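Take a look at the structure below.
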Amino acid sequence: MFSDASYYFRRAAQVMGIGERVQRLLEKPQRIVKVEIVVELDSGDLGTYTGYRVQHNRARGPCKGGLRYHPTLDEDHCCELASLMTWKTAVADLPFGGAKGGIDCDPTKLSLREVERITRKFVSEIHEIIGPTVDIPAPDVNTNAQIMAWIMTEYSRFHGFSPAVVTGKPIELHGALGREEATGLGVTFAIRELCARKGLDLAAQTYAIQGFGNVGSHLARHLHERGGKVIAISDVGAALHNRDGLDIPALLEHFARTRSLAGFPGAEPMSRDELIFTECDVLVPAALGEVFTKENAHLVRAKMIVEAANAPTTPEADEVFDRRGVVVVPDILANAGGVIVSYFEWTQNIQQFRWELEDTHKRLERYMGKAFRTVWDLATSRGISMRTAAYVVAIGRVGKATVLSGV
Ligand code: GLU
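Position in the sequence shown counted from 1, then plus 1233, gives you my numbering.
In structure tokens form, the structure reads like this:
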């Protein structure tokens, strides 16, 4: 009956001894908006799509979270992803609540102009419920800086110049330096913290990464720059393997040229489905959710899993990992780098001031380090998993803010 995120939430709430009524209060989204989007396609036909924005919780500040464009997106999935954002912003101690949304379209089958028309129509439908102090969207799966620019300009048509209504914008249009690579870099910091706690050297580990989009590609680059050996990587079309470590700069160059991993000369092709079973030290899911299930969890051979994607592990798989002693750094901690730098972008927009890239990197490192330490210390002192510890930290912060503001 419950989503995976609800299951994890309830498990942590039980550890905390929170009563059923308060659980229900914190679990349910505060607002669900669903809109029909009708646009003229390039062919002259009408395209109809459904857009969503779910605001899960605003106890700690304006709602924050991405917009994803994906044909399988529906209301339940937005609710689950919105709740993850509430817990993520709380774990990272950002002054935000959580939201998520998007459109059930497939941008790979649409022209740029069609995506623009759909985006602008969506904003014209939801502009009254978003805003710099209300709800601030950002990129997520299949959305990017260009789409954020359209959101900003469309919103500004209704409300006046408002760069802080959305984050992840192009640098030329009030975006923050370092936002695009932020999730991948944040995951790198999480891996470094994990290695340090376990007495391991990041550079001496082997890595397998599922996904070569905005998160996976930057993560691969940052790991490679720090001496880590990325031995397997995949994207929607192909997967590659090289025991001695892939030459990531050459791979990035190949990808920029061909828009595909396939045909890269410095590696063996492998089956995309097999990637998660690669023998490696650290496995990073960096694509869509529900990767690890009860059918496949026992076949995973990595010692550590760092969740760069949102919701990649089902509760049954989580239990298998727990039992087998596989350390899992949960999504709401591991991939918080994106929303942390979104927060930096929002503050810069509000102050109409731009930070240097080094400032962003330094502060991102500090935020990730602090969040990791808090979760790790709680997990080890209470003998609970990092996921449960992260939820306990987040629920505690959201719960306190709710009580202090007077329900
Ligand atoms: N979509 C990203 C996430 O899931 C970033 C959200 C944001 O920056 O608001 O964390």
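Heads up, the beta-carbon is just placed ideally off N, CA and C, and yes, glycines get one too. All values derive from a computational prediction rather than experimental measurement.
**Item:** Secondary structure of Thr1491, DSSP reduced to three states
**Value:** helix
**Request:** Just confirm the distance between the C-beta atoms of Leu1274 and Glu1347, as a whole number of angstroms; I'd bet it's less than 8 Å.
**Result:** 6 Å
**Prompt:** Looking at Leu1306 and Asp1337, is the spacing between their C-beta atoms short of 7 Å?
**Reply:** yes
**Message:** Buried or exposed, going by whether 16 or more other CB atoms sit within 10 Å of the CB of Met1234?
**Reply:** Below a pLDDT of 50, predicted positions are generally treated as unreliable, and Met1234, at 45, falls in that range; the measurement from the model is reported next regardless. Met1234 should be labelled exposed.
**Message:** Alpha carbons only, please: which of Glu1552, Met1503, Arg1505 and Glu1507 is nearest the one belonging to Thr1526?
**Reply:** Glu1552
**Item:** Arg1412, DSSP secondary structure in three states
**Value:** coil
**Request:** Could you have a look at His1474 and say whether DSSP puts it in helix, strand or coil?
**Result:** Here His1474 sits in strand by DSSP.
**Message:** Are there any heavy atoms of the ligand GLU lying less than 6 Å away from the beta-carbon of Gly1294, as far as the coordinates show?
**Reply:** no
**Prompt:** Is any heavy atom of the ligand GLU found at a distance shorter than 6 Å from the C-beta of Asp1237?
**Reply:** no
**Item:** Residues of its chain near Ala1292, where Cβ-Cβ distance is below 7 Å and the 5 sequence neighbours each way are ignored
**Value:** Gly1330, Val1631, Ala1634, Thr1635 and Ser1638
**Item:** Three-way DSSP call (helix, strand, coil) for Cys1513 in this model
**Value:** When secondary structure is reduced to three states using DSSP, Cys1513 falls in the coil class, being assigned neither helix nor strand.
**Request:** Return the residue from the list Val1367, Thr1400 and Pro1563 that minimises the CA-CA distance to Trp1383.
**Result:** When each option's Cα is compared against that of Trp1383, the closest is Thr1400.
**Asked** What is the DSSP secondary structure of Asp1368, reduced to helix, strand or coil?
**Response** Three-state result, Asp1368: strand.
**Item:** Local Cβ density within 10 Å of Glu1486, reported as buried at 16 or more and exposed below that
**Value:** exposed
**Asked** Is Ser1614 near the ligand GLU, judged by its Cβ being under 6 Å from some heavy atom?
**Response** no
**Message:** Extract the residue ranges of the beta strand (DSSP E) inside the segment 1429-1457, only unbroken runs of 3 or more that lie entirely within it.
**Reply:** 1439-1443
**Those residues which DSSP pairs with Glu1187 across a bridge** = The structure shown does not extend to residue 1187, since the chain is modelled only from 1234 through 1640, so no value can be given for it.
**Prompt:** Is Gly1423 near the ligand GLU, in the sense that its beta carbon is under 6 Å from a heavy atom of that ligand?
**Reply:** In the sequence as presented, Gly is not what sits at residue 1423; that position holds Ala. Incorrect: Ala1423 has no Cβ contact closer than 6 Å to the ligand GLU.
**Asked** Residues in its own chain within less than 8 Å of Pro1304 by CB, not counting five upstream and five downstream?
**Response** Taken in chain order, the residues that qualify are Asp1337, Cys1338 and Asp1339.
**Limits of the unbroken alpha helix (DSSP H) element including Lys1595** = Leu1590 to Arg1615
**Request:** Count the other C-beta atoms from every protein chain shown that fall within 10 angstroms of the C-beta of Val1572, then say buried if there are 16 or more, exposed otherwise.
**Result:** buried
**3 or more residues per run - each beta strand (DSSP E) lying fully within the segment 1499-1578** = 1501-1503, 1515-1518, 1537-1539 and 1560-1562
**Prompt:** In whole angstroms, what is the alpha-carbon distance linking Ala1437 and Leu1343?
**Reply:** 43 Å
**Asked** From Gln1288 to Ser1357, what distance separates their C-alpha atoms?
**Response** 18 Å
**Asked** Per the contact definition of three or more C-beta pairs closer than 8 Å, is the segment 1454-1465 in contact with the segment 1527-1535?
**Response** With the cut-off at 8 Å, the segment 1527-1535 and the segment 1454-1465 do not touch.
**Start and end residues, alpha helix (DSSP H) containing Gly1331** = Not the alpha helix (DSSP H): Gly1331 falls in the beta strand (DSSP E), residues Gly1331 to Ile1336.
**Request:** May I ask you to report which of helix, strand or coil DSSP gives Ala1465?
**Result:** strand
**Asked** Measuring from the CB of Gly1298, is there a heavy atom of the ligand GLU at a distance below 6 Å?
**Response** yes
**Asked** If you measure from the CB of Val1287, is any heavy atom of the ligand GLU nearer than 6 Å?
**Response** no
**Message:** Any contact between the segment 1548-1565 and the segment 1582-1594? By contact I mean 3 or more CB pairs, one from each, below 8 Å.
**Reply:** No, they do not touch.
**Prompt:** Looking only at C-alpha atoms, which of Asn1568, Arg1606, Lys1354 and Phe1497 sits nearest to Gly1470?
**Reply:** For the residues Asn1568, Arg1606, Lys1354 and Phe1497, the minimum Cα distance to Gly1470 belongs to Phe1497.
**Item:** Local conformation of Asn1290 per DSSP, three classes
**Value:** strand
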